[in-house]
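Shown next, in structure tokens, is the structure this report addresses.
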Amino acid sequence: MSEHGSRAARSLIWTALESFGLSGLSFLSLIILSRFLSAAEFGAAAIVLGLIQILNLFVEITFHDALVQRREVEEKHFDTAFTVNLTVAVAISAACFLGADTFADAVGEPSWRRSSVR
2 MSEHGSRAAR
12 SLIWTALESF
22 GLSGLSFLSL
32 IILSRFLSAA
42 EFGAAAIVLG
52 LIQILNLFVE
62 ITFHDALVQR
72 REVEEKHFDT
82 AFTVNLTVAV
92 AISAACFLGA
102 DTFADAVGEP
112 SWRRSSVR
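Quick note: the sequence shown uses the numbering used here, first residue 2, plus one each step.
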């Protein structure tokens, strides 16, 4: 096997381990949540986890692939990627916080509204 083929095979193994490990941890988390939450709470938690996964795409699709593929990377590239990712993450977090009451109303759980939480 050539050097490139060997490197690609190792990369595939690490990628598969990461993917299966993440899936396994997510599945384990869902099992644990299902034991401690009511059916309604578990359903809302599943919706929230799905929403977080979708919103996380906006953070994941930005710069990390471009940084890895560049032959020459400067410090300003890393700084820019960090700043943009942080800004996107803060904006998404703020949107989630500000939309919490709307979400509570949408799932029919007014007790989850921020105004009723003490």
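Where is the CB? At the ideal position from N, CA and C, for every residue including glycine.
Output the distance between the C-alpha atoms of residue i and residue j, rounded to the nearest integer angstrom.
{"i": "ALA10", "j": "ALA17", "result": "11 Å"}
{"i": "VAL91", "j": "HIS65", "result": "18 Å"}
{"i": "GLU42", "j": "CYS97", "result": "18 Å"}
{"i": "SER7", "j": "LEU13", "result": "10 Å"}
{"i": "THR88", "j": "ILE32", "result": "33 Å"}
Please list the terminal residues of the continuous alpha helix (DSSP H) segment that includes residue i.
{"i": "LEU58", "result": "40-61"}
{"i": "GLU76", "result": "76-99"}
{"i": "SER35", "result": "4-37"}
Is it right to say residue i is buried, meaning 16 or more other beta carbons lie within 10 angstroms of its own, or is it exposed?
{"i": "ALA105", "result": "buried"}
{"i": "LYS45", "result": "According to the sequence shown, residue 45 is Ala rather than Lys. The residue is buried, with at least 16 neighbouring Cβ atoms inside 10 Å."}
Can you look up residue i in the DSSP assignment and give me helix, strand or coil?
{"i": "PHE64", "result": "coil"}
{"i": "GLU110", "result": "coil"}
Kindly list the residues whose CB is nearer than 6 Å to the CB of residue i, restricted to its own chain and excluding five residues on each side of it in sequence; keep chain order.
{"i": "GLN54", "result": "none"}
{"i": "PHE79", "result": "none"}
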